[in-house]
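Enquirer: In the numbering used here, the protein residues as written are 1369 to 2094.
In this text, a Cβ means the ideal position worked out from N, Cα and C, and glycines have one as well.
Owing to the predicted nature of the structure, the values given are computational and were not obtained by experimental measurement.
Here it is, the structure, as structure tokens.
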RNA sequence: GCCGAGGUGGCGAAAUUGGCAGACGCACUAGACUUAGGAUCUAGCGUCGAAAGACGUGCGAGUUCGAGUCUCGCCCUCGGCACCA
């Protein structure tokens, strides 16, 4: 044993022993309780960053802990290796995506091993290998059979910069999640997975996992799914041609306020408007065009959108009161939510109130507080703000005097009984559009035949393999459309000539079920053997970034429910506990004049810190004044620490110890060079201590040695020290 | 605007049920050992005070023998959603 601690020597020795003995290889063992420790799989960019180290160090610590506590631990690793960067590299440098990806994986795997993480490397999965994506396709076909995969013409979110379609989640806020540029709309035929079929379950089952998940993730999922209970009500369009009754269906959560409706307001894209465009007066059509243009402009500049609208001249009958109401087009009504039409009740909805005031529409109060007097109720048209609270109905025909709660139920029933509405639940969640006009993804196993139409591939023909490469130039079109060897095929049904679907699947498909594959990575018949998976799953602890709080985690939960309905698993929720780690951020310096980043190295930047350790003045090597900021740590930003370098100088264990110790895992971690020393010194201290006493430590200590009743003061001290240490 | 989380030393932070606030680490101060080691060891390190002691967990009230923790009101920070009908 060396007197001094040489991190590299010690780490290499043990890493070799672990690898040779396969101690981290997990096998089913019914004698032991299992523990499935999972960290989110990385995209193989080619280099490991400190965020990875933090994530995998946390998982590894827990895996070790559980092993030492007698659990049979499954701790696997894999690669989210489909996706756009490989294609970008192919375009820029003419490399083959598969080769580029595999090389990145190789180099990252080396870095991971150098960190000494305790994975069962035999179970590695690679999203881009046919062996894996065969089952993406398998699942797709199953979902097609179940009616959960379907195709429709749709307006898609389109990112001009990335030349790609985006899911609603990926285009949240009108901004591309990858490049941050504005998202536009485009019409395309797209494949969808019916996530909305599970919307209720996705909300209700959260009760099962709530205790084990961070509150903010649960909340964000609830918000994202956005369940809202209310009712549909059909307003009959007045004066419509006799050939057929035209109805406008609105969705409302406050049917109890329907006697206070002063208008029906529809979205600019509403079918009623589209169909009636020719018969609308020219000035109305002109105004609608203006509203559309203003909205687009405001959205582009991220400006607040002022309420705007126009009376179309169309009239609709309130089926409850029989009143004839004007139909307005309003820019605040969205086609994507509910039915794209609302009843406007200005006395009890803030948005409708604002709209009514702006356009001088009547405001009529129909709900008052339960303790309101006659005179309160009479002070009717002087309402200066909407009151959204529940109360007691007035001026509402037969429901006058009923409470809002009772009226909501009774009025929905009344509408259903009379055929002009029904109780309804709507969701913000949309079906998941998975078609991508991209090369580097799993091909969608569908064939188009002139004779038979849309035909699913047969299970026996899976995997439908990607060609080695494709011509990558040309915007907005799948590269596979230019590979006849790929798309020319025969119909699985009639065997006549047919054309293969050339779109590939969203990469979020790969990460929706990969953690099940780890349990049975070599299965060629099924995604995994249900009995084997039943031993290991669900995942006991999942760790990853909270940037996946909605997309990945909703998709994976959805997929699990589908697998349950397929009989592959018996539970509803895949992740018992979830831990979301905070970002690793670094101190960055900017050139005061140009605003450009300056490479952050102690040699090139001198920073003066005040008493609180905050940087006050920083100067570059050439004397330039610098501005200080904190940003996500990365190599390209120049504020990053390379884990390889760190492991080389300080040792992998010291690096890991530091990232775990510096801050609670869910907090942001500001990287600070001096902190790592604590980790180094701690290990050195342990080493010295063991070195000093290693002969004595070789003698086993028994419980009797540390009993307090032993009069020896040394024993008492030892016991005290033991407990202090614990 | 709505919703969620939080506010404790110079810094990162502990404090599981209401029971010694600030564990542990970093930084800092003094001393010891020596010397070139990324040192190490010992002691100190919330504020005021020479000390005794007093005060102290964003602010203000309250409950309690006792409050960082519970209740009410307010302020601030971070995050999410944002015309969701």
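(1) Using the Cβ count rule (16 or more neighbours within 10 Å means buried), how would you classify residue 1387?
(2) Thinking residue 1574 and residue 1635 are a contact (beta carbons under 8 Å), I'd like their distance in whole angstroms, please.
(3) Give the list of continuous beta strand (DSSP E) stretches no shorter than 3 residues that lie fully inside the stretch 1568-1631.
(4) If you check the beta carbons only, do residue 1496 and residue 1469 fall under 8 Å apart?
(5) Is the CB-CB distance between residue 1836 and residue 1860 below 8 Å?
(6) Would you mind working out which of 1676, 1688, 1763 sits nearest residue 1726, comparing C-alpha positions?
(7) Report yes if the C-beta distance between residue 1799 and residue 1560 is below 8 Å; otherwise report no.
(8) Have a look at the DSSP bridge pairing and note the partners of residue 1447.
(9) If the criterion is Cβ atoms closer than 8 Å, does the pair residue 1558 and residue 1520 meet it?
(10) Can you pull the DSSP bridge partners for residue 1554?
(11) Could you tell me whether the Cβ atoms of residue 1729 and residue 1680 are closer together than 8 Å?
(12) Cutting at 8 Å between CB atoms, please list the residues of its own chain near residue 1653, excluding the five before and the five after it.
(13) Starting from residue 1402, follow its DSSP beta bridges and name the residues at the other end.
(14) Sorted by chain position, which residues of the same chain lie with C-beta nearer than 7 Å to residue 2050's C-beta, five sequence neighbours on each side aside?
(15) Just grab the DSSP bridge partners of residue 1816 for me.
(16) For residue 1969, does the three-state DSSP call read helix, strand or coil?
(17) Among 1856, 1887, 1758, which one has its Cα closest to the Cα of residue 1490?
(18) Residue 1873 bridges to which residues according to DSSP?
(19) Would residue 1440 be called buried (16 or more neighbouring beta carbons within 10 Å of its own) or exposed?
(20) Given residue 1371, which residues of its chain have a CB within under 7 Å of its CB, disregarding the five upstream and five downstream residues?
(21) Please state whether the Cβ-Cβ distance between residue 1910 and residue 1946 is less than 8 Å.
(22) So residue 1898 is in the alpha helix (DSSP H); what residue range does that whole segment cover?
(23) Work out the CA separation of residue 1894 and residue 1432 for me, nearest whole Å.
(24) Residue 1847 and residue 1417 - do their beta-carbons sit closer together than 8 Å?
(25) With C-beta atoms as the reference, is residue 1597 less than 8 Å away from residue 1621?
(26) Return the CA-CA distance between residue 1317 and residue 1437, expressed in angstroms with no decimal places.
(27) Inspect the beta-carbon positions of residue 1601 and residue 1789 and report whether they are closer than 8 Å.
(28) What do you get for residue 1863, buried or exposed, if any count of 16 or more other CB atoms within 10 angstroms of its CB means buried?
(29) Please report the Cβ distance between residue 1594 and residue 1850, rounded to the nearest whole angstrom; I am assuming they are in contact, meaning their Cβ atoms lie under 8 Å.
(30) For residue 1871, which of 1919, 1641, 1532, 1688 has the nearest alpha-carbon?
(31) Which residue comes first and which comes last in the alpha helix (DSSP H) that contains residue 1694?
(32) Where does residue 1704 fall in DSSP's three states?
(33) With a 10 Å radius around its C-beta and 16 neighbouring C-beta atoms as the bar for buried, classify residue 1827 as buried or exposed.
(34) Nearest CA to the CA of residue 1395: which residue from 2055, 2044, 1923, 1900?
(35) Go ahead and pull the three-state DSSP assignment for residue 1774.
(36) Kindly provide the ranges of any alpha helix (DSSP H) runs that are 4 or more residues long and lie completely inside the stretch 1637-1677, ordered along the chain.
Expert: Let me lay it out:
(1) By the neighbour-count rule (16 or more Cβ atoms within 10 Å), residue 1387 is not buried but exposed.
(2) Your pair residue 1574 and residue 1635 does not check out as a contact, with CB atoms roughly 31 Å apart and the cut at 8 Å.
(3) Counting whole runs of 3 or more residues, the stretch 1568-1631 contains the beta strand (DSSP E) stretches 1596-1606, 1615-1620.
(4) Yes.
(5) Residue 1860 sits away from residue 1836, with the two beta carbons spaced by 8 Å or more.
(6) Among 1676, 1688, 1763, the Cα nearest to that of residue 1726 is on 1676.
(7) Yes, they are a contact pair.
(8) When DSSP reads this structure, residue 1447 sits in a beta bridge with 1494.
(9) Yes, the Cβ-Cβ distance between residue 1558 and residue 1520 is below 8 Å.
(10) According to DSSP, which records beta bridges pairwise, residue 1554 is partnered with 1524.
(11) Their beta carbons are not under 8 Å apart, which means residue 1729 does not touch residue 1680 by this criterion.
(12) These residues qualify, in order along the chain: 1645.
(13) Paired residue(s): 1440.
(14) Closer than 7 Å at Cβ, skipping near neighbours: 2025.
(15) Paired residue(s): 1822, 1867.
(16) In this prediction, residue 1969 scores a pLDDT of 47, lower than 50, which makes its location untrustworthy; the coordinate-derived value is nonetheless stated afterwards. Look at residue 1969 here: in three-state DSSP terms it is coil, with no helix or strand label.
(17) Minimum Cα distance to residue 1490 is reached at 1887.
(18) Answer by DSSP bridge pairing, in chain order: 1803.
(19) When all chains shown are included, residue 1440 counts as buried.
(20) Answer for residue 1371: 2059, listed in chain order.
(21) Going by C-beta atoms, residue 1910 is nearer than 8 Å to residue 1946.
(22) Segment 1898-1904, the alpha helix (DSSP H) holding residue 1898.
(23) Taking the straight line from one Cα to the other gives about 31 Å.
(24) Contact annotation: residue 1417 and residue 1847 have beta-carbon atoms that are not nearer than 8 Å.
(25) The answer is yes: Cβ separation under 8 Å.
(26) The question about residue 1317 has no answer, for the chain in this structure spans 1369 to 2094.
(27) Cβ distance < 8 Å, so residue 1601 and residue 1789 count as in contact.
(28) Residue 1863 comes out exposed.
(29) That pair is no contact at about 40 Å.
(30) Nearest of 1919, 1641, 1532, 1688 to residue 1871, Cα basis: 1532.
(31) Run containing residue 1694: none in the alpha helix (DSSP H); it sits in the beta strand (DSSP E), 1692-1698.
(32) The answer is coil: DSSP assigns residue 1704 none of H, G, I, E or B.
(33) Residue 1827 is exposed by the Cβ-count criterion.
(34) For the residues 2055, 2044, 1923, 1900, the minimum Cα distance to residue 1395 belongs to 1900.
(35) If DSSP states are grouped into helix, strand and coil, residue 1774 belongs with the helices.
(36) For secondary structure counted as the alpha helix (DSSP H) over 4 or more consecutive residues, the stretch 1637-1677 holds these complete runs in sequence order: 1639-1644, 1650-1668.
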